[in-house]
Structure formats: C-alpha cells, structure tokens
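A.B. asks: First the structure, then my questions, so here it is.
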Ligand SMILES: [Zn+2]
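Numbering (my numbering), first residue to last: 298 to 632.
See below:
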C-alpha cells in the first residue's frame with residue numbers, strides 16, 4: 298500500500314498552459330491542463346465570453362480531451378478573469394476545488410452580498426473618496442460581474458492539504474491578491490501553479506477585502522492584504538521552486554530573483570508614498586492615492602486599495618498612523 302502510494306507520487310504530471318483572451322486591460326489569462334494518471338485537471342477557466350470558451354475547447358481538443366472529460370476544476374482565486382466558466386463546467390459535471398472562502402465571492406448569499414456592499418461604501422466614504430468616484434467604483438464592480446457565472450466550491454482546499462486528484466501536489470494558502478487564494482505546489486518537481494500571487498511581467502495588487510467575521514461591516518475591519526501578501530512571498534522564497542505557472546504571462550523560472558525584486562520594489566514604493574504623505578500633510582488615503590496615481594482616477598477602487606495596503610503595512614512597522622476624525626474620516630499621517 299505504502300509502496301503503491303510512493304509510486305503514485307513519483308508519477309509525473311504534465312502541465313500545459315492554455316492562454317485565453319479577455320476583454321479586460323490585463324490582456325490574456327492562463328488556464329492550465331494538468332495531466333497525470335487518469336486525471337485531466339483544469340486550473341482556472343478564463344472569463345465567461347464565447348471566444349474564451351472556444352479557445353478552451355480547442356486547446357483541450359489538442360490533447361484529445363473534451364470539456365466533459367475533465368476530472369476536476371481548480372480555482373486559484375475567485376476573480377472573474379479566472380472563474381468565468383466555473384458555473385458552466387460545474388453544471389457539466391466537473392467538481393470545483395478551491396479555498397473554502399471562495400464561495401463567498403462565487404455565490405454570495407444575500408447577507409454576504411449586502412455586508413460586502415456596506416463595507417465598501419463605508420471604506421470608500423471614510424477614505425475620502427468623492428461620490429462620483431464611489432459610483433464609478435461600484436459600476437466597475439457590477440461591470441465585472443457580467444463575465445462570470447455562479448458556482449460553488451464542491452471540495453474545499455486548505456493550506457497543507459494534499460490535492461486529492463493529483464497527490465503529487467500540495468495546497469498552499471496564499472492570501473494577499475485575494476483572500477481566497479491558493480497555489481498548487483509539487484515539492485518533488487519544484488513546480489508551482491501560483492495564480493496571480495507571482496506574475497512575471499507585472500506586480501500583483503494586494504486587494505483590500507472586508508473582514509467578514511465581525512457583526513457589522515466597517516472600514517476599520519479590513520484585511521491587511523499587502524502585509525499578508527509579503528508574508529506569502531517570503532514563504533514562497535523558502536521553497537525550492539524550479540518553475541512557476543502564473544495566472545497571466547509566460548511560464549518562468551528564476552522565482553527567487555523575481556520575489557526579491559518584488560519585495561524590494563514594494564519597499565521603494567512605500568518610501569515614496571510616505572515621502573508624499575509627509576509633503577501633503579495628514580490626509581485620507583484616497584487623497585494620497587490621487588496624488589500618487591493622478592493618471593489612474595478612472596480606477597478609484599484599485600488605487601485606493603493599493604495605497605491603503607501600503608499605509609497599513611507602514612502602520613504595522615510604526616512608520617504611519619491612522620486616526621479617526623470626528624466625522625468618521627480616516628486620516629493618515631507619517632510618523
Ligand atoms: Zn488575474
């Protein structure tokens with residue numbers, strides 16, 4: 298029995314990149330086909346748009362596989378460009394594997410959806426975002442929803458668990474870019490299917506999300522996503538990674554150098570933001586975001602998330618502090 302398991306673990310898994318188009322500024326998104334033993338596992342599935350589906354079917358056909366032959370769908374994180382077709386694949390009989398928290402985004406119940414909306418309303422307002430920009434942020438969120446369908450997590454995957462269809466892989470929990478983010482790690486081969494946690498050509502945004510296990514949504518109960526993201530990068534740095542399969546861009550090696558570069562660039566950006574904050578004087582995070590990203594006002598939610606992430610990290614390190622003004626606004630100052 299033990300020998301059998303060992304032999305099974307030694308079997309190699311072939312990983313094939315499937316590049317799918319999206320109409321979003323990010324460009325294309327990667328799905329991966331993992332073939333090993335009698336398993337045909339798809340990791341992520343692109344945006345719910347017909348050309349992406351046609352591309353997916355054509356790529357599978359090259360391996361003599363039809364959509365209904367897939368034995369599992371893994372979602373690295375519940376962002377629309379990665380999960381668009383999950384509901385459809387699930388309806389066709391493919392079980393969905395992802396982090397247990399992913400269902401909150403894939404198929405939110407009424408309470409969760411309302412909680413999240415109230416959280417972002419509170420966050421945007423108290424971070425000093427004017428109403429026109431708040432409306433734009435919510436419109437952007439609704440716009441993205443058209444590219445996905447509802448699905449649920451059939452098999453939850455948590456940190457450290459073996460991935461049942463292909464036990465060569467272990468699950469790593471990598472919150473930061475998304476709270477429900479996972480990666481698949483094959484220690485034997487040094488292969489890491491990483492989602493958007495580590496991208497070759499762009500730095501990944503650590504997106505602020507609500508803390509859900511509190512009675513009332515509040516801007517104060519938000520995830521310190523960049524702090525988590527950096528902790529995860531540091532943890533990945535300790536692995537012997539040979540090859541990275543990212544959510545966007547080409548498959549690459551040299552993960553250590555890239556992680557070092559990302560960590561260093563973040564320190565530089567944090568210092569720039571703190572210098573700017575000193576120059577402007579105490580202000581809400583959105584004011585700092587507009588000063589730092591004047592050309593990105595059309596992406597209010599993204600620039601706020603980015604800057605707030607850095608401020609929260611600076612606060613953890615004692616370099617900045619957040620105070621609640623009398624009107625509830627959250628004001629930042631460099632320490
Ligand atoms: Zn993505």
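Backbone N, C-alpha and C fix where the C-beta goes; we use that ideal spot for every residue, glycine too.
(1) Helix, strand or coil: which one does DSSP assign to residue 483?
(2) What did DSSP end up calling residue 636 once you bin it into helix, strand or coil?
(3) Are residue 502 and residue 474 closer than 8 Å when you measure CB to CB?
(4) Which residues does DSSP pair with residue 542 in a beta bridge?
(5) Taking only three categories from DSSP, how would you classify residue 342?
(6) By alpha-carbon positions, which one of 451, 497 and 515 ends up nearest to residue 559?
(7) Please confirm whether any heavy atom of ligand 1 lies closer than 7 Å to the CB of residue 498.
(8) I need the boundaries of the alpha helix (DSSP H) containing residue 314, first residue and last residue.
(9) Do residue 486 and residue 539 count as a contact pair if the criterion is CB distance below 8 Å?
(10) Whole angstroms is fine: what's the gap from residue 481's alpha carbon to residue 325's?
(11) DSSP puts residue 583 in a beta bridge; with which residues?
(12) Count the other C-beta atoms from every protein chain shown that fall within 10 angstroms of the C-beta of residue 569, then say buried if there are 16 or more, exposed otherwise.
(13) Check each candidate in 393, 478, 378 and 384 and name the one with the smallest Cα separation from residue 438.
(14) Cβ of residue 396 versus every heavy atom of ligand 1: is any distance shorter than 7 Å?
(15) Assign residue 299 to one of three DSSP states: helix, strand, or coil.
(16) Compute the distance between the beta-carbons of residue 395 and residue 364, then report whether it is under 8 Å.
(17) How many angstroms separate the CA atom of residue 300 from the CA atom of residue 328?
(18) For residue 367, tell me which candidate among 419, 574, 403 and 353 has the shortest Cα-Cα distance.
(19) Under 8 Å, with one C-beta from each stretch per pair, do the stretch 315 to 325 and the stretch 419 to 433 reach the 3-pair mark?
(20) Is residue 519 helix, strand or coil by DSSP?
(21) What is the residue span of the beta strand (DSSP E) that residue 382 lies within?
(22) What are the boundary residues of the beta strand (DSSP E) that residue 333 is part of?
(23) Would you say residue 380 and residue 357 are within 8 Å of each other, going by their C-beta atoms?
(24) Quick check on this structure: which residue in 400, 625, 608 and 339 has the alpha carbon closest to the alpha carbon of residue 566?
(25) Exposed or buried, residue 311, counting other C-beta atoms within 10 Å across all chains shown (16 or more means buried)?
(26) Which residues count as close to ligand 1 when the rule is a CB under 7 Å from any of its heavy atoms, in chain order?
C.D. replies: Here's the rundown:
(1) strand
(2) The structure shown does not extend to residue 636, since the chain spans only 298 to 632, so no value can be given for it.
(3) yes
(4) 490
(5) coil
(6) 497
(7) no
(8) Unbroken run through residue 314 is the beta strand (DSSP E), 311 to 317; no alpha helix (DSSP H).
(9) yes
(10) 21 Å
(11) The partner list for residue 583 (beta bridge, DSSP) is empty, contrary to what the question assumes.
(12) exposed
(13) 378
(14) no
(15) The predicted position of residue 299 is uncertain, since its pLDDT is 45 and thus under 50; no value can be drawn from it.
(16) no
(17) Its pLDDT being 45, under 50, residue 300 is placed unreliably in this model, and the value from its coordinates should be taken loosely. So the two alpha carbons sit approximately 33 Å from each other.
(18) 353
(19) no
(20) strand
(21) Looking at the DSSP string, residue 382 is not in any beta strand (DSSP E), and its letter there is neither H nor E.
(22) 326 to 333
(23) no
(24) 608
(25) exposed
(26) 323, 326, 376, 378, 379, 493, 544 and 545
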